[in-house]
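Read through the structure below, which is laid out as structure tokens, and then see the notes.
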Amino acid sequence: MEMGNQFIGSIGALEHSIAHAELTAELSYDIIFNLGYPRREAELAAIAGYLHDIGNLIHRYRHGTWGAIMAFEILSEMGMEPDEVTTIMGAIANHEEHAGGFSVSNVSAAVILADKSDVNQSRVRKVDTTAFTDRDRVNYAAKDSSLFINAMDRLIVMNLTIDTDVCSVMDYFEIFLTKMMMCKRAAEHLGCRFDLIINGLQLL
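So this is what it looks like as structure tokens:
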């Protein structure tokens, strides 16, 4: 996982370290468990969340597909039940925008929400701001991000604080629109409404 993070670092991609994997795993578990789904399903979400970026070891693009194949080999060798392996594979393969970002299961939906909510300036590796891509810029603008799950009201809220000197709220929304729509569909798959709040302004 760390080697994959080093590989994509050489092309200037955002940090995808073990810290990101651990946070995604923790949030994925919390989403499933707090919404009242079985504990084992929450555990599968945590495993999928932890492994979701291992495909970066092979290539940044379509890393979800590569990661699903790698997870199949790893988890099958460990003796995991085939239906659980396929659930994790589906979540890994479908978490990225290039694959459509489809929520093919509860576990898949949780991983999408957890992964896309980890937005922070600390994940930007480039030092030269003139070399920033749009994705670099919106991440660099993010000072704080959190995901709140309200099981009673079936509500999932992503709350972001951004530096508007770096990126305006509307620019952020426009650049990350695909990701936010993935989150909206993921929340709906889990029977929830998705709210996006940036600097106190509700955009979804």
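To convert, count from 1 in the sequence shown and add 8; that's our numbering. By construction, the Cβ of each residue, glycine as well, lies at the ideal position given by its N, Cα and C atoms.
Beta-carbon within less than 6 Å of Leu204's beta-carbon, same chain only, minus the 5 sequence neighbours each way: which residues are those? Around Leu204: Met166, Met188, Leu211, Leu212.
Would you please state the rounded distance, in angstroms, between the beta carbons of Ala79 and Met97? I believe it to be under 8 Å. The Cβ separation is near 6 Å, so the contact holds.
Buried or exposed: which applies to Tyr148, given that a residue is buried once 16 or more other Cβ atoms fall within 10 Å of its Cβ? Buried: at least 16 other Cβ atoms inside 10 Å.
Have a look at the DSSP bridge pairing and note the partners of Phe156. The beta-bridge partner set that DSSP reports for Phe156 consists of Val165.
Pick helix, strand or coil for Asp203, following the three-state DSSP scheme. Asp203 falls in the strand class under three-state DSSP.
Which of helix, strand or coil does DSSP assign to Leu209? Strand at Leu209.
Please identify the residue among Asp61, Asn64, Tyr45, Tyr37 whose C-alpha is closest to the C-alpha of Glu51. Of Asp61, Asn64, Tyr45, Tyr37, the smallest CA-CA separation from Glu51 is found for Tyr37.
Apart from the five residues on each side of it in sequence, which residues of its chain come closer than 8 Å, Cβ to Cβ, to Ala159? Correct list, in chain order: Asn42, Leu43, Gly44.
Using the three-state DSSP reduction, which class does Ile170 fall into: helix, strand or coil? Ile170 carries a strand assignment under DSSP once its states are collapsed to helix, strand and coil.
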